[in-house]
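> One structure is given below, represented as structure tokens, and several questions about it will come after.
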Amino acid sequence: MPPPQPVPTKAPPAPDYKTVAAQFATAKRAKEVEDATKAHEDIQQEQERSSLQDRQREALEARRKASYEKRWLWNVAFWVWMLTIHVVGLAYFTSGFLLTRLMLDEKSSCDAPPTTGNEILPAWKGKGTVDGGCWHPKTFERAVVVVIDALRYDFTIPVDDDAKFHNAFPFMYDTALRSPNNSFLRPFIADPPTATLQRLKGLTTGTLPTFVDVGTSFAGTAIEEDNLLMQLRDAGKRIVHLGDDTWDALFPGYFEADMSKSYDSFNVWDLHTVDNGVIEHIFPLMNRKNDWDLLIAHCLGVDHAGHRYGPDHGNMTAKLAQMDTFIRDLAVTIDDKTVLIVMGDHGMDSKGDHGGESDDEVEAALWMYSPNSVFGRTKSEFATPPATAKIRPVNQIDLVPTLALLLGIPIPYNNLGRPIEEAFAGAAGTAWDNLAAAESTAAAGIKRYQASYFAAQGIKESNTTPDSPAEFWAKAEELLSTTHSKRGGAKDKWAAVYSAFADYQQETLARCKSLWAQFDIKNMALGIAVMTAGVFTLLVYVTKGAEDDSGAVDDPELDLAEKSLEMQGVKADAEIISARNMDKTFVGAALLGALPIFGGGVLQSFISGVGDWYRGAGFAALTSTATVLVTMYESKETLVNLIPKTVWGWMAVVFTVSQSVGFASNSYTIWEDSILLFFIATFGFATALAAIRLPNLADRYLSIYHSILFVLLGRLASFSKLCREEQMPYCRSTYYASATSSTSAPWQLAIPFVVFLVLPSIIKAYLVPSRSYEGLAPAWIGYVFRTGLFMAAAYWALDAADNGNWFPGLPANTLKTLSVYLAQTILGLALVAGTTAFVWAPPCVSILTAARQLGTAQVTVLGYGNAHGARYLLLPLNILAACFLLSKPMGGGALAIMMWQVLSLVEILDFNSLTFEAIGPVMLAVLGNFHFFKTGHQAVLSTIQWDSAFIPLFTIRYPWSPIVVALNTFGGQILAVATVPLLVLWKVSPQRKGLLVLLSRAYGLFLAYFAVEALATMAWAGHLRRHLMLYRVFCPRFMTAAAVLLVVDLFGIVIALAGARCNTMAIGEVFGWVE
Amino acid sequence: MPLVDPVTMSSSIAKGAAAQAVQSSPITKGNESQQQQQHPIQLRQTPLAQSARHALPALIAAVFLIRFDSLVNKPDPAPTMKTSLPVVAALQLAYAMICLPVAGSAGSQNAKASSSRKPRLGEKKSKSGGGGGGDGPNGYVAAVLSLVLTTFVTPFLYIVMILFGAPFLTHGAHTFLCAAHLAVLVFFPLFYAHGVDSAAWAAVGSFRAPFDETFGGLVGGVVGGWLGAVPIPLDWDREWQKWPVTVLCGIYGGYFLGRILGGTVLFGKRF
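Quick note, the sequences are listed as chains A and B, same order. Everything in the first sequence is counted per the UniProt record's numbering, starting at 1 for the first residue and increasing by one. Everything in the second sequence is counted per the UniProt record's numbering, starting at 1 for the first residue and increasing by one.
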């Protein structure tokens, strides 16, 4: 199945509106001729004159059209420049903010242990060699590591409830309880971010992941730091890998090709291929134990079940039961010289997603097993595995020194973990000397690594402060040497040494966690400066000339006079010309400001050969905004304009600024959805009260009606909620069937059907009063759009049938195949056919010519007064249809409500003459953000609905899958930006001039809201970079704001500006050019 | 384009509406011209009224402050709100009857007649004394009617609070009591002073009325309640953050501020 075709935006075939234009011209001529007859003039003469006029008129129209196209291009160029400024600002800040860690090249080697003298254990056979154990006596010959992705700790222990994810995987717990000397089970705490790639890095290198790793996550670069696999490979060991192909990306060329087998990692739709493949390939390998030394098996089924269905689903039970059998069978095949390690690389939140640092996401399980009695407990009460993940947890990085020492290889150089107690305590649990030896070796490695790290940074490690790691180290060393000197003493003295080194390790780890990363303040500041300059430019741009309402000319007489003047070759007012060509001036200034610095940067990098050609971009962006601002100032734009002059202007400022200030507080960030509802209600009630002032009674009531409706719909949409963890316990999720599911409830499947029945009629009701339900509108809205909605509703019914296995008789994948093709058809209809139809469509008007009396004809154009808005509306409806399908039933309902609210909003603005106020675009932006939350999202990574990628596709396909996920995630904002032109075009007749300038200003105001939010979240995230909630709250909010800003930047140009151009062209062709 | 088309929404509706307006209520029309000249409400000039003007708000504030502790520290604020509501209502009733001119009386009358009737104002007042009613309309009847209207307006305020995001399925009593406090505090005096005079209410509703104690109280109470929602999301886990304590505090604080400012520095001014 081919992916949806790219949306054609250019080169439309001869548009349909030509026929309407011809119709219109004929009707008009009939009237003119009739007028002429009435005037008793010579027909011949009149015809000559009219043909001359026709020619003149045509020439003028052509000139106006060409001028419009040119101005439109300059306008787009200006917004592209603004997009560039935003990209540069965000990129600079991000490069400094997303934490980076120095990568050290040093590797541990077998013959150079980090310990210096004071050996705790007597020399063992083969000391200093991999065969005997490099730094510690070796325990096992080989290891089998089974990673069960997203294996949360509570999945593995008995829990007294009926949850579908509990008590399905009892084998590991039972074994640990029954034979504690053969196995142990402990909580296994991941360091955030809890994405598989970062986790695998941590699990093999022993270091803390930093945020910049997330950036490289998509590129999947190989690990170059010292790690377990590298040590094994360098020691000549053979590694086999089965399962998740992330390992291939991290460790290219490490695995024995003939035995390894990897599978696609991101195919979350598919629960079984990876697991079945692993199980199929692993058992034959267990009979060939001499052919490998490390066997890694990475199962993805549990993780995918979580992503697709949420933990509380029958498929999760089945998956866990399958894993139980698998591990049970696998344990049987393990011999005395092999250790079996089963672990989760991270957990999952209540909906089955992960990525953040909530408790459920970081709490995985670790189980180690050997038929040989090697594992011990230092206290008898430790024999029972902990009842919750809060008790006796192990850090995931601790696996690194543990496995290294057990297999006899050196601990990787960058390791910060400590050996796991059970593995070295001996079967009796009293081998304190062994424990102390392992702990001191690991601690010495950490000490050596820290020294190298500080040296590489050029910082001297301070050892004067009390409670510093250095202090702990000194204490441990002293204790070691005193204990050492009286060697014959009690064996349990080693316990003290052991805990002293453990203290050092813990303190160092804590230090690293809090202070590790180096924020690049310089880049962050530059990024903030660029964004600030961009926001300031944007604000000056949108407020310039706000007073002289350039679109106000709606007087046909005046237009006629102007036109005839223009026909005679008289140039229009110089001021108007300059106002219209402003964009050109600004773009020129922008380039003038940017090019020298940017070129200088490129040149310098060329000369110095460093290759960072982009280094001048930050300063180039600053000089560029500076020159643009200077240009704006020259055209009499002053700062005074920035201060709002009406209560509505103030409202727009208060909404934007108060929210931006609120982003400094985690509470206001967490409860953003409720705050947006509060703003929506405030605006609605304010306009309802303002409507009381309207002199016309019908206007007053209609306006109040729309205002109240706007508020009611907002409150109705607010019942669609997906709570983030921090909102608990004050929030109940309703987006899915339950809080622990990611499928829709049966009743939610009815929502798309209701929308299918109701929404087209509602839209019709907004077009009928202005007689705009004409032209293409009845066919497109009444039939095509409605069909699209119906098919989307059917899609979700099919999907539910597939998930719930309602028709067990059907052959496998029938429903899935059907629904995917259905989804592709809907997207094709909405985006491809929809765009074609929009480009083609005649204005939504109907021309009636009626003979009124004898000899007189009356021409009536139905829908003339809303010619611009009604036609443009077709475009956002197409976007809505696409997002409606991709947003799941509940989200689709929210988006339908949003469309309704937008229509009410434009009516409210029209009634209260607020069309040119800032509040319109700002409210639209608020609506967009509000419905981001109402379509099942939060400003955290884990709410990205990855499974939406599989709505129109069977597998991951670039670039379609990311586009689909983006349409799902930012559906609200994309719909909002698509409707920005409606603010300006609604209830606007073809005679309106200067629409491009008005649209550009409205779009600028809309963008300003998002730009201010991006700037605010950026500044706060930078300022609060040591805050406890940085990665939970502030960083994800900044990333959301940055992504949203770029999305509205991009879609504003592609949808709003391009769509408005198509629209103006079509209207202009039919009714003549007024621009 | 010489061709002008009559079929636009605004024009067609304007026509219809104009006709409607003419047909339905010439009164409305008359009121609209009045609306421009809406006058601030003068408090009665009697010594009792002048002292009650200062004493009663102080009493309400005292009631609020005394009850504040139990409002915040009891696990459920609803009973406290319930018991203090009649007290506040009684105080507001006293305030209205002592200080405010009853709806339809000279003090609350506007423009049209005020210049001609002003001289008579003093005489009438001395006649009726501090008793209760005003000239013409009976103060007691007006008070009862205002209370009834206040009761009617409470469910609407409740719905408005829900629309602003107040809990829908839970805390019903809390939200309703909060709405009732707002109604008694802010709307009762307005009902007493304006009755059901649609022109006056249109002026008040569209925020075009001149500032006086009642209108200032309305603006203050509404804005205060709005601002009262601001501290709710903060994760400080304080007792006073529970619903609807902050909003209630905002309403009371805003009301007093608005009433004082409306009666003094802002008196007679408009937005």
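Note that CB positions come from ideal geometry on N, CA and C, so glycine has one too.
Tell me, to the nearest whole angstrom, how far the beta carbon of residue 113 of chain A is from that of residue 447 of chain A; I am working on the premise that it is less than 8 Å.
Within the first sequence, residue 113 of chain A is the residue found at index 113, counting from 1. Within the first sequence, residue 447 of chain A is the residue found at index 447, counting from 1. Between residue 447 of chain A and residue 113 of chain A the Cβ distance is about 12 Å, and since that is not below 8 Å, they are no contact.
> Determine the chain B residues that contact residue 66 of chain A at a beta-carbon separation under 8 Å, and present them in chain order.
For the purposes of this step, residue 66 of chain A is identified with residue 66 of the first sequence, where counting begins at 1. What residue 66 of chain A touches in chain B: nothing, since even the nearest Cβ is about 20 Å away.
> At a CB-CB cut-off below 9 Å, which residues of chain B make contact with residue 1086 of chain A?
Residue 1086 of chain A lies beyond the stretch modelled for chain A, which goes from 1 to 1075, so this question has no answer here.
> Does residue 268 of chain A get closer than 8 Å to chain B when you measure Cβ to Cβ?
For the purposes of this step, residue 268 of chain A is identified with residue 268 of the first sequence, where counting begins at 1. No, residue 268 of chain A does not count as interfacial toward chain B.
> Under a CB-based cut-off of 8 Å, is residue 215 of chain B close to chain A?
Locating residue 215 of chain B in the second sequence gives position 215, where the first residue counts as 1. No, residue 215 of chain B does not count as interfacial toward chain A.
> What is the rounded straight-line gap between the Cα of residue 211 of chain B and the Cα of residue 722 of chain A?
Along the second sequence, read from residue 1 onward, the residue named residue 211 of chain B stands at position 211. Along the first sequence, read from residue 1 onward, the residue named residue 722 of chain A stands at position 722. Roughly 44 Å separates the two Cα atoms.
> Are three or more beta carbon pairs between the region 396-405 of chain A and the region 162-181 of chain A nearer than 8 Å?
The region 396-405 of chain A vs the region 162-181 of chain A: no contact.
> Using the C-alpha atoms, what's the distance from residue 249 of chain A back to residue 1051 of chain A?
By 1-based counting over the first sequence, the position of residue 1051 of chain A is 1051. By 1-based counting over the first sequence, the position of residue 249 of chain A is 249. About 33 Å.
> State the beta-bridge partners of residue 363 of chain A as determined by DSSP.
Numbered from 1 along the first sequence, position 363 holds the residue referred to as residue 363 of chain A. Paired residues: A:189.
> Can you tell which of A:528, A:87 and A:986 has its C-alpha closest to the C-alpha of residue 1048 of chain A?
As a working mapping, residue 1048 of chain A is identified with position 1048 in the first sequence. Among A:528, A:87 and A:986, the Cα nearest to that of residue 1048 of chain A is on A:87.
> On the three-state DSSP scale, how would you describe residue 265 of chain B?
As a working mapping, residue 265 of chain B is identified with position 265 in the second sequence. Correct three-state label for residue 265 of chain B: coil.
> If you scan the region 936-1021 of chain A from start to end, which runs of the alpha helix (DSSP H) of 4 or more residues do you find wholly inside it?
The qualifying runs are 960-969, 971-978 and 980-985.
> Give me the Cα-Cα distance between residue 804 of chain A and residue 796 of chain A, rounded to the nearest whole angstrom.
Stepping through the first sequence from its first residue, residue 804 of chain A is reached at position 804. Stepping through the first sequence from its first residue, residue 796 of chain A is reached at position 796. Residue 804 of chain A and residue 796 of chain A: Cα-Cα distance of roughly 12 Å.
> Look at the alpha carbon of residue 1036 of chain A and the alpha carbon of residue 532 of chain A, and state the distance between them as a whole number of angstroms.
Taking the first sequence and counting its residues from 1, one reaches residue 1036 of chain A at position 1036. Taking the first sequence and counting its residues from 1, one reaches residue 532 of chain A at position 532. Computed Cα separation, rounded: 20 Å.
> Look at the alpha carbon of residue 752 of chain A and the alpha carbon of residue 793 of chain A, and state the distance between them as a whole number of angstroms.
Within the first sequence, the letter at position 752 stands for residue 752 of chain A. Within the first sequence, the letter at position 793 stands for residue 793 of chain A. Each residue's alpha carbon lies about 5 Å from the other.
> Would you list the residues sitting across from residue 152 of chain A in a DSSP beta bridge?
Translated into the one-based positions of the first sequence, residue 152 of chain A becomes position 152. DSSP lists A:364 as partners of residue 152 of chain A.
> According to DSSP, is residue 255 of chain A part of a helix, a strand, or is it coil?
Here residue 255 of chain A is taken as the residue at index 255 of the first sequence, counted from 1. Strand, per DSSP.
> Closest to residue 192 of chain A by C-alpha separation, out of A:185, A:209 and A:178, would be which residue?
As a working mapping, residue 192 of chain A is identified with position 192 in the first sequence. Cα-wise, what sits closest to residue 192 of chain A is A:209.
> Per DSSP, which one or two residues make a beta bridge with residue 343 of chain A?
The count along the first sequence starts at 1 and reaches residue 343 of chain A at position 343. Residue 343 of chain A is bridged to A:147 and A:366.
> Can you give the Cα-Cα distance for residue 237 of chain B and residue 667 of chain A, rounded to whole angstroms?
As a first step, residue 237 of chain B must be located in the second sequence, where it is residue number 237. As a first step, residue 667 of chain A must be located in the first sequence, where it is residue number 667. Between residue 237 of chain B and residue 667 of chain A, the C-alpha separation is close to 11 Å.
> Considering only residues of the same chain and omitting the five flanking positions on each side of residue 733 of chain A, which have a CB-CB separation below 7 Å?
Reading the first sequence from its first residue, position 733 is the one you call residue 733 of chain A. Excluding positions up to five away in sequence, the list reads 721, 722, 723 and 739.
> DSSP beta-bridge partners for residue 241 of chain A?
For the purposes of this step, residue 241 of chain A is taken as residue 241 along the first sequence, with counting starting at 1. In the DSSP output, where bridge partners are listed per residue, residue 241 of chain A has A:296.
> Reducing DSSP to helix, strand and coil, say where residue 188 of chain B ends up.
Walking along the second sequence from the start, residue 188 of chain B turns up at place 188. Helix, per DSSP.
> Would you give the residue range spanned by the beta strand (DSSP E) that residue 261 of chain A belongs to?
As a position in the first sequence, residue 261 of chain A is number 261, starting the count at 1. First-last of the beta strand (DSSP E) with residue 261 of chain A: 261-263.
> Thinking C-alpha only, which one of B:205, B:77 and B:82 is nearest residue 246 of chain B?
Mapped onto the second sequence, residue 246 of chain B falls at position 246. Nearest option by C-alpha distance: B:77.
> Along the beta strand (DSSP E) that carries residue 862 of chain A, what are the first and last residues, could you check?
If you number the first sequence from 1, residue 862 of chain A lands on position 862. Taken as a continuous stretch (DSSP letters only), the beta strand (DSSP E) holding residue 862 of chain A covers 856-862.
> Residues of chain B with a CB under 7 Å from the CB of residue 692 of chain A: which are they?
Locating residue 692 of chain A in the first sequence gives position 692, where the first residue counts as 1. Within chain B, the residues near residue 692 of chain A are 202, 205 and 206.
> List the residues that DSSP assigns as beta-bridge partners of residue 1074 of chain A.
Stepping through the first sequence from its first residue, residue 1074 of chain A is reached at position 1074. BP columns for residue 1074 of chain A are empty, so no partner.
> On the three-state DSSP scale, how would you describe residue 266 of chain A?
Stepping through the first sequence from its first residue, residue 266 of chain A is reached at position 266. Looking at residue 266 of chain A - three-state DSSP - the assignment turns out to be coil, as it is neither helix nor strand.
> So, does the CB of residue 1020 of chain A fall closer than 8 Å to a CB anywhere in chain B?
For the purposes of this step, residue 1020 of chain A is taken as the residue at position 1020 of the first sequence. Cβ-Cβ to chain B under 8 Å: no for residue 1020 of chain A.
> For residue 1009 of chain A, decide whether its Cβ has a neighbour in chain B, counting only Cβ atoms nearer than 8 Å.
Numbered from 1 along the first sequence, position 1009 holds the residue referred to as residue 1009 of chain A. So, not an interface residue.
> For the region 233-246 of chain B, which residues have a beta carbon sitting closer than 9 Å to at least one beta carbon of chain A?
Going along the region 233-246 of chain B in chain order, one finds 233, 234, 235 and 236 with a Cβ nearer than 9 Å to chain A.
> Here's a check: name, in chain order, each residue in its chain whose Cβ is nearer than 6 Å to the Cβ of residue 774 of chain A, leaving out the five neighbours to either side.
Numbered from 1 along the first sequence, position 774 holds the residue referred to as residue 774 of chain A. Counting only Cβ-Cβ distances below 6 Å, and skipping sequence neighbours, we find 844, 845, 846, 862 and 863.
> Can you name the residues that DSSP bridges to residue 849 of chain A?
As a working mapping, residue 849 of chain A is identified with position 849 in the first sequence. Residue 849 of chain A is bridged to A:859.
> With 16 as the cutoff for other CB atoms within 10 Å, does residue 962 of chain A come out buried or exposed?
Mapped onto the first sequence, residue 962 of chain A falls at position 962. Exposed.
> Enumerate in chain order the residues of its own chain whose CB-to-CB distance from residue 176 of chain B is below 6 Å, with the five nearest sequence positions on each side excluded.
The sequence position of residue 176 of chain B within the second sequence is 176, counting from 1. For residue 176 of chain B, where only same-chain residues beyond five positions count, the Cβ hits under 6 Å are 158.
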